[in-house]
Amino acid sequence: MELSQPLNLRSQFPDADLAAWERQFLSDLGVNSMVDAGWAPPGEVPAAPLTRRPEGIYCPSTPGWEYVEDVRLDTAGQAIEALQQAAEGGADAGVLKLADSVDAEEVRSLCRDTPIPIVLAGGSRPEGLLDLERVRGHYPDDCYIDLSGWGQAGASLCQLGAIAFSALASALDRHSGRTAHPILIEAPVRHELFHGAAFLRALRIGAARIAREFDAPTQPIIRASTCQTILMERDLHTNLIRTTTAAVASVLGGADWLTVHPHDTTTGGSASGRRLARNVAHLLRHESHLDKVADP
Numbered sequence: 003m004e005l006s007q008p009l010n011l012r013s014q015f016p017d018a019d020l021a022a023w024e025r026q027f028l029s030d031l032g033v034n035s036m037v038d039a040g041w042a043p044p045g046e047v048p049a050a051p052l053t054r055r056p057e058g059i060y061c062p063s064t065p066g067w068e069y070v071e072d073v074r075l076d077t078a079g080q081a082i083e084a085l086q087q088a089a090e091g092g093a094d095a096g097v098l099k100l101a102d103s104v105d106a107e108e109v110r111s112l113c114r115d116t117p118i119p120i121v122l123a124g125g126s127r128p129e130g131l132l133d134l135e136r137v138r139g140h141y142p143d144d145c146y147i148d149l150s151g152w153g154q155a156g157a158s159l160c161q162l163g164a165i166a167f168s169a170l171a172s173a174l175d176r177h178s179g180r181t182a183h184p185i186l187i188e189a190p191v192r193h194e195l196f197h198g199a200a201f202l203r204a205l206r207i208g209a210a211r212i213a214r215e216f217d218a219p220t221q222p223i224i225r226a227s228t229c230q231t232i233l234m235e236r237d238l239h240t241n242l243i244r245t246t247t248a249a250v251a252s253v254l255g256g257a258d259w260l261t262v263h264p265h266d267t268t269t270g271g272s273a274s275g276r277r278l279a280r281n282v283a284h285l286l287r288h289e290s291h292l293d294k295v296a297d298p
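Adding 2 to a residue's 1-based position in the sequence shown gives its number in the numbering used here.
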C-alpha cells in the first residue's frame with residue numbers, strides 16, 4: 003500500500019458484533035451494567051466506558067496537520083530571526099504573539115518575505131479573543147479564540163469546551179457574513195492521551211455544528227498546543243515524555259495545527275529545546291506516518 007494514500011483501517015476489518023462485545027466487556031470487568039463501569043471524576047461530567055456515535059454528528063478529519071511554532075518577541079528583528087529558525091527546523095507556519103509596545107504593521111511589513119506563512123496575534127485585545135491579521139497564505143485573519151490561558155489557570159476539559167463554544171458562537175454572531183476566513187481555536191492539550199484525544203474530537207465536532215448553525219462559509223481551525231502546566235522545572239527530561247504524549251493526543255484528536263512547546267520552557271528555553279520540540283512533530287509525521295491515517 004502506498005504511504006501517499008490515507009490508510010483506512012475500517013476497510014481492513016469486518017464490523018464487530020457490538021452486543022457480543024459489550025457482554026464480553028462487562029464480563030471482563032466483573033460488572034453488571036455500563037453504568038457500573040462508568041467513571042465520575044470529581045467536578046466533571048460522568049463518563050461512560052463506551053460511547054456510540056449518534057447519527058448526524060460525525061465530523062471526520064482530513065489526514066495530516068501543519069506544524070505551527072509560537073514566536074514571542076519584542077522587536078521586529080527578533081521576529082525575522084525566530085521565523086528563519088522555525089522555517090529551517092521544518093515548521094509550516096508561525097504565530098507571532100506581539101507585545102503591546104510592538105507596531106504590528108511594522109512587523110507585518112518586515113515579514114512579508116518570510117519562508118513560511120505567519121499570523122500576528124497579541125497587543126491590546128479582549129481576554130480570550132485575539133484579532134488576527136493575515137500576512138500571506140491561507141491562514142485565518144478574522145478571529146483567534148485562545149484557550150491556553152484558561153488551561154494554565156487550571157480549567158477542566160469540560161470548562162475549556164464550554165468557553166470555546168461560547169466564544170465561537172459570539173464571534174460568529176459578531177462577524178456573520180463579514181469574512182470568508184475561518185476562526186482559529188487554540189486548545190491546550192495535557193499529557194492524558196485518551197482524554198486529550200477525546201477532548202479535541204468533541205471540540206472539533208461541536209465547533210463544526212456551531213459553525214453550521216451560523217451558516218459559516220468555513221469550518222473553524224483547531225490548533226492544539228501542548229499545555230505548559232504539564233512542564234516540570236526539576237526534571238526536564240520527563241517533560242519530553244509529557245509533550246510527546248500530548249502531541250500524539252493532539253494528532254489522534256484531529257488537530258489541524260500542532261504546536262509542541264519545548265521541554266525546557268520553564269527554565270527559559272533553548273535552541274536545543276526548540277529543536278527537540280520540532281523533532282516530536284517530525285517523528286509523528288515522517289516515522290509514525292500518522293498523517294497518512296484516515297481519521298485516526
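Every residue gets a Cβ at the ideal spot worked out from N, C-alpha and C, and that includes glycine. Predicted model, so just to flag it, every value in this text is computed and none were measured.
Boundaries of the beta strand (DSSP E) around V191: 186–191.
DSSP lists P190, T261 as the bridge partner or partners of S227. Residue state for V282 is assigned as helix, using DSSP reduced to three classes. The alpha helix (DSSP H) runs lying completely inside the region 146–183 and spanning 4 residues or more are 150–154, 159–176, given in chain order. About 6 Å separates the CB atoms of P65 and D293; that is less than 8 Å, so the two are in contact. In terms of CA proximity to A189, T261 leads the group V250, P119, T261.
In this chain, the alpha helix (DSSP H) harbouring R211 covers 195–215. Here the alpha carbon of E215 sits roughly 21 Å from the alpha carbon of C160. R280 is the residue among L285, E289, R280, R287 whose C-alpha sits nearest the C-alpha of A88.
Only residues of its own chain outside the window of five on either side were considered, and among them E235, L238 have a CB closer than 8 Å to the CB of T269, listed in chain order. Residue pairing by DSSP puts W41 in a beta bridge opposite A49. About 6 Å separates the beta carbon of A204 from that of G163, a gap short enough to meet the 8 Å contact definition.
Residue state for E68 is assigned as strand, using DSSP reduced to three classes.
A contact between stretches requires three or more CB pairs, one per stretch, nearer than 8 Å, and the region 221–230 meets this requirement with the region 190–210. Following the DSSP letters along the chain, one finds E235 in no alpha helix (DSSP H), marked with neither H nor E. Assigned with DSSP and collapsed to three states, S290 falls in coil, not helix or strand.
Annotated as proximal: P119 and A95, with beta-carbon spacing under 7 Å. Between the alpha carbons of P184 and D72 lies a gap of roughly 19 Å. L149 counts as buried, since no fewer than 16 other beta carbons sit within 10 angstroms of its beta carbon. F27 sits in a helix when the DSSP states are folded into three classes. Each of G256, T228, Y146, V70 was checked against the Cα of L174, and the nearest Cα belongs to Y146. Cβ contact annotation for V70 (same chain, cutoff 8 Å, sequence separation greater than five): A93, D94, A95, G96, V97, R225, W259, L260, T261, in chain order. The DSSP-derived three-state label of N34 is coil. Separation of the CB atoms of L233 and T267 is rounded to 6 Å, and the pair is thereby assigned contact status at 8 Å.
Taking a 10 Å sphere around the C-beta of V191, we find 16 or more other C-beta atoms and assign the residue as buried.
Taking the C-beta atoms as reference points, T228 is found nearer than 7 Å to H263. Straight across, the Cα-Cα distance linking A42 with L52 is about 14 Å. Within 10 angstroms of the beta-carbon of V37 lie fewer than 16 other beta-carbons, which makes it exposed. In chain order, A39, P51, L52 place their CB closer than 8 Å to the CB of F27, counting only its own chain and leaving out the 5 sequence neighbours on each side. Each residue's CA atom was taken as its position, placing G151 and T231 some 10 Å apart.
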